[in-house]
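**Q**
2 protein chains.
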Amino acid sequence: MDRMATRRIERTQESRRLLVAAAAELFAEKGYRQTSFIDIADKAGISRGSIPWHFGNKLGLLEAVVDDQLQTVLTGFPSSPGELPGDSLDQVMSFIRLPATRLFITLLAEVVEVDSPIREHYARLHAALRQTVRARIPAEALPPGTTPEAFTVLLVGAIIGVHAQWRVAPEAVDLEAVRAAIRALLPAGLRQP
Amino acid sequence: MDRMATRRIERTQESRRLLVAAAAELFAEKGYRQTSFIDIADKAGISRGSIPWHFGNKLGLLEAVVDDQLQTVLTGFPSSPGELPGDSLDQVMSFIRLPATRLFITLLAEVVEVDSPIREHYARLHAALRQTVRARIPAEALPPGTTPEAFTVLLVGAIIGVHAQWRVAPEAVDLEAVRAAIRALLPAGLRQP
Chain A
1 MDRMATRRIE RTQESRRLLV AAAAELFAEK GYRQTSFIDI ADKAGISRGS IPWHFGNKLG
61 LLEAVVDDQL QTVLTGFPSS PGELPGDSLD QVMSFIRLPA TRLFITLLAE VVEVDSPIRE
121 HYARLHAALR QTVRARIPAE ALPPGTTPEA FTVLLVGAII GVHAQWRVAP EAVDLEAVRA
181 AIRALLPAGL RQP
Chain B
1 MDRMATRRIE RTQESRRLLV AAAAELFAEK GYRQTSFIDI ADKAGISRGS IPWHFGNKLG
61 LLEAVVDDQL QTVLTGFPSS PGELPGDSLD QVMSFIRLPA TRLFITLLAE VVEVDSPIRE
121 HYARLHAALR QTVRARIPAE ALPPGTTPEA FTVLLVGAII GVHAQWRVAP EAVDLEAVRA
181 AIRALLPAGL RQP
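Line order of the protein sequences matches chains A and B.
Mapping to the UniProt record's numbering: the first sequence position 26 is 26, numbers consecutive.
Mapping to the UniProt record's numbering: the second sequence position 72 is 72, numbers consecutive.
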């Protein structure tokens with residue numbers, strides 16, 4: 001590939017990255033519906049015509065934003081089954097502090113509207129979080145009567161709900177103490193050695 | 001008191017109740033900021049001049065709405081310390097199905113905005129939920145290293161976060177199985193006999 005072609009690709013990937021970052025920030029701030037292509041292009045400093053070129057439509061852009069955030073969040077997750085305890089739990093908990101997670105709350109409010117066009121996309125975000133946690137839960141570590149699926153919903157739910165409380169009143173939520181409580185309550189097979 | 005005075009009071013309390021119900025529905029649907037006194041009065045079928053008379057201002061109305069919702073939610077909570085397990089847990093879980101709880105998600109999105117005027121009011125909602133749960137957790141039932149405060153944040157968080165997942169994709173969340181998982185993971189002193 002000649003140098004000019006390489007630079008064209010770099011510019012394209014760079015402009016895509018800038019658009020995704022600008023959209024993530026604006027969706028978090030104003031919500032999905034309230035944000036226009038013009039807002040996003042202006043913030044990214046890129047012509048608005050390039051948005052359909054990169055993403056097809058606004059839902060395609062949302063998908064790119066959600067995928068991108070998901071990657072950031074999932075980086076904090078441990079990679080092997082049975083690896084939830086110990087330092088990995090610290091990583092999972094540290095996701096709560098990511099500025100990006102505010103976006104999840106803003107979008108959630110739109111998702112609970114009747115006939116929300118972004119429901120399916122958001123559902124995929126939750127599903128991906130559950131899938132990632134689920135893959136790391138050995139069924140044999142759970143107490144009788146507890147399915148790995150239900151345990152996963154509960155653990156992902158705890159992270160979402162602790163996050164919500166911390167966003168509203170950080171001074172009322174001692175994340176360190178909550179982490180210790182999760183660790184103490186985990187079934188023995190998932191607890192730190 | 002004569003009959004006309006009694007009827008005036010009834011009408012006043014009834015109009016207050018209608019205004020709170022209309023506001024709760026509109027806040028859940030459109031958010032706090034997007035809802036005007038005109039919308040609320042029209043929906044309640046009551047003159048808009050009566051809103052400041054009853055509630056002072058819009059924040060006063062929000063406070064009345066949150067108090068009202070809180071009463072509905074807290075009705076599901078057990079009333080004595082150490083009473084979380086068993087049927088009481090069923091009641092706590094059943095709060096997830098209340099239509100009213102959608103309001104909490106819509107308002108939460110506004111609360112995470114910079115300089116949100118309703119943050120303090122919303123923080124009181126979370127604080128009241130925690131206080132109610134906290135009062136029912138005997139410290140001696142918790143595993144070492146777990147504070148009642150952290151356990152409370154975790155349990156309230158689990159309810160909030162399971163609720164969020166269920167709102168987004170009810171078919172992906174088996175509330176019955178999640179309840180069984182919570183019960184199995186509760187420390188022995190809080191578990192159903």
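For glycine and all other residues, C-beta sits at the position ideal for the given N, C-alpha and C.
Taking 7 angstroms as the CB-CB cut-off, is T147/B touching chain A?
**A** Counting from 1 along the second sequence, the entry for residue 147/B is found at position 147. True, the Cβ-Cβ gap to chain A drops below 7 angstroms.
**Q** Which residues in the same chain as V162/B place their Cβ atom closer than 6 angstroms to its Cβ, once the five residues preceding and following it in sequence are excluded?
**A** Here residue 162/B corresponds to residue number 162 of the second sequence, with the count starting at 1. Cβ neighbours of V162/B beyond the five flanking positions: V178.
**Q** Mind checking whether I40/A and A64/A have CB atoms under 7 angstroms apart?
**A** Reading the first sequence from its first residue, position 40 is the one you call residue 40/A. Reading the first sequence from its first residue, position 64 is the one you call residue 64/A. No, the Cβ-Cβ distance between I40/A and A64/A is not below 7 angstroms.
**Q** Are three or more beta carbon pairs between the stretch 54-70 of chain B and the stretch 11-25 of chain B nearer than 8 angstroms?
**A** Output reads yes: the stretch 11-25 of chain B touches the stretch 54-70 of chain B.
**Q** Would you report the Cα separation of E25/B and L103/B, rounded to the nearest angstrom?
**A** Position 25 of the second sequence, counted from the start, is the residue given in the question as residue 25/B. Position 103 of the second sequence, counted from the start, is the residue given in the question as residue 103/B. Using only the alpha carbons, I get a separation of about 8 angstroms.
**Q** Can you tell me whether T75/A is buried or exposed? The criterion is at least 16 other CB atoms within 10 Å of its CB, across all chains shown.
**A** Indexing the first sequence from 1 puts residue 75/A at position 75. Exposed.
**Q** State the start and end residues of the unbroken alpha helix (DSSP H) segment that holds P148/A.
**A** For the purposes of this step, residue 148/A is identified with residue 148 of the first sequence, where counting begins at 1. It spans P148 to V168 - the alpha helix (DSSP H) in which P148/A sits, taken as one unbroken run.
**Q** Beta-carbon separation of G157/A and A180/B under 7 angstroms?
**A** In the first sequence, counting from the first residue as 1, residue 157/A sits at position 157. In the second sequence, counting from the first residue as 1, residue 180/B sits at position 180. Their beta carbons are not under 7 angstroms apart, which means G157/A does not touch A180/B by this criterion.
**Q** Would you say P193/B reaches chain A, if we count a Cβ-Cβ gap shorter than 7 angstroms as a contact?
**A** Within the second sequence, residue 193/B is the residue found at index 193, counting from 1. Only weak support exists for where P193/B lies, its pLDDT of 47 falling under 50; the value from the coordinates is given anyway. Chain A contact via Cβ: absent.
**Q** What would DSSP say about Q13/B, mapped onto helix, strand or coil?
**A** If you number the second sequence from 1, residue 13/B lands on position 13. Helix, per DSSP.
**Q** Would you call R136/A buried or exposed, if buried means 16 or more other Cβ atoms sit within 10 Å of its Cβ?
**A** As a working mapping, residue 136/A is identified with position 136 in the first sequence. Per the 10 Å Cβ criterion, buried.
**Q** How would you label L186/A, buried or exposed, when you count the other beta carbons within 10 angstroms and need 16 or more for buried?
**A** Working through the first sequence from its first residue, we reach residue 186/A at position 186. It is buried - the Cβ of L186/A has at least 16 other Cβ atoms within 10 Å.
**Q** Going by other Cβ atoms of all chains shown within 10 Å of its Cβ, with 16 needed for buried, is T35/A buried or exposed?
**A** Counting from one through the first sequence, the residue named residue 35/A turns up at place 35. With 16 or more Cβ atoms within 10 Å of its Cβ, T35/A is classed as buried.
**Q** In this structure, does DSSP put R3/A in helix, strand or coil?
**A** Counting from 1 along the first sequence, the entry for residue 3/A is found at position 3. Three-state DSSP puts R3/A in a helix.
**Q** Between L108/B and chain A, is there a C-beta pair that is closer than 7 angstroms?
**A** For this step, residue 108/B is matched to residue 108 along the second sequence. Yes, L108/B counts as interfacial toward chain A.
**Q** Between G189/B and chain A, is any beta-carbon pair separated by less than 7 angstroms?
**A** Looking up residue 189/B in the second sequence gives position 189. Not an interface residue.
**Q** Does DSSP put P187/B in a helix, a strand or coil?
**A** For this step, residue 187/B is matched to residue 187 along the second sequence. Coil.
**Q** Taking the continuous alpha helix (DSSP H) assigned at I105/B, which residues delimit it?
**A** Indexing the second sequence from 1 puts residue 105/B at position 105. T101 to V111 is the span of the alpha helix (DSSP H), which, as asked, contains I105/B.
**Q** If you measure between the beta carbons of I105/B and A109/A, is that distance less than 7 angstroms?
**A** Mapped onto the second sequence, residue 105/B falls at position 105. Mapped onto the first sequence, residue 109/A falls at position 109. It is a contact, given that the beta carbons lie within the stated cut-off.
**Q** Chain B partners of R167/A, CB-CB under 9 angstroms?
**A** Working through the first sequence from its first residue, we reach residue 167/A at position 167. Result: L108, V111 and V112.
**Q** Is it buried or exposed, V73/B, if we count other Cβ atoms within 10 angstroms and call 16 or more buried?
**A** As a working note, residue 73/B is residue 73 in the second sequence. Buried is the call here.
**Q** Name the chain B residues that come within less than 9 angstroms of P143/A, Cβ to Cβ?
**A** On the first sequence, residue 143/A is found 143 positions in, with the first residue counted as 1. Within chain B, the residues near P143/A are A181, A184 and L185.
**Q** Please decide whether V73/A counts as near chain B, where near means a Cβ-Cβ distance under 7 angstroms.
**A** Taking the first sequence and counting its residues from 1, the one referred to as residue 73/A is at position 73. Cβ-Cβ to chain B under 7 angstroms: no for V73/A.
**Q** Nearest to P117/A by CA position, among E29/A, K30/A and G60/A, is which residue?
**A** As a first step, residue 117/A is located in the first sequence; it is residue number 117 there, counting from the start. The residue with the shortest Cα to Cα distance from P117/A is G60/A.
**Q** Using a Cβ-Cβ cutoff of less than 7 angstroms, which residues in the same chain neighbour A127/A once the five nearest sequence positions on both sides are dropped?
**A** Here residue 127/A refers to the residue found at position 127 of the first sequence. Correct list: empty, nothing qualifies.
**Q** Hey, L155/B and V133/B: beta-carbon distance below 7 angstroms or not?
**A** By 1-based counting over the second sequence, the position of residue 155/B is 155. By 1-based counting over the second sequence, the position of residue 133/B is 133. Yes. Within cutoff.
**Q** Consider the Cβ of R97/B: report whether some Cβ of chain A lies at a distance smaller than 7 angstroms.
**A** Residue numbering aside, residue 97/B sits at position 97 when the second sequence is read from its first letter. No - not a single Cβ of chain A is within 7 angstroms of the one on R97/B.
**Q** Can you grab the Cα-Cα spacing for the pair I46/B / R8/B, in whole Å?
**A** Position 46 of the second sequence, counted from the first residue, corresponds to residue 46/B. Position 8 of the second sequence, counted from the first residue, corresponds to residue 8/B. Near 14 angstroms, if we compare the C-alpha coordinates of R8/B and I46/B.
**Q** Note down, in chain order, every chain A residue with its Cβ under 9 angstroms from the Cβ of R119/B.
**A** Sequence index remark: in the second sequence, residue 119/B carries index 119 (1-based). Those within 9 angstroms of R119/B in chain A are V168 and A169.
**Q** Using a C-beta cutoff of 7 angstroms, does Y32/A count as contacting chain B?
**A** In the first sequence, residue 32/A corresponds to position 32, counting from 1. With 7 angstroms as the cut-off, Y32/A does not count as an interface residue toward chain B.
**Q** Leaving out five residues before and five after L70/A in sequence, what residues of the same chain have Cβ atoms less than 7 angstroms from its Cβ?
**A** One-based indexing of the first sequence puts residue 70/A at position 70. These residues qualify, in order along the chain: L125 and A128.
**Q** Using DSSP with H/G/I as helix, E/B as strand and the rest coil, what is L65/B?
**A** As a position in the second sequence, residue 65/B is number 65, starting the count at 1. For clarity, residue 65/B is Val in the given sequence; the question names Leu instead. Note: V65/B maps to helix in three-state DSSP.
**Q** Going along chain B, which residues have a C-beta under 7 angstroms from F151/A?
**A** For the purposes of this step, residue 151/A is taken as residue 151 along the first sequence, with counting starting at 1. Within 7 angstroms Cβ-Cβ: A181.
**Q** Looking only at its own chain, which residues have a Cβ that is under 7 angstroms from the Cβ of L107/A, when we skip the five neighbours before and after it?
**A** Counted from its first residue, the first sequence places residue 107/A at position 107. F27, Y32, I118 and Y122.
**Q** Counting only beta-carbon atoms, is R136/B nearer than 7 angstroms to chain A?
**A** For this step, residue 136/B is matched to residue 136 along the second sequence. Cβ-Cβ to chain A under 7 angstroms: no for R136/B.
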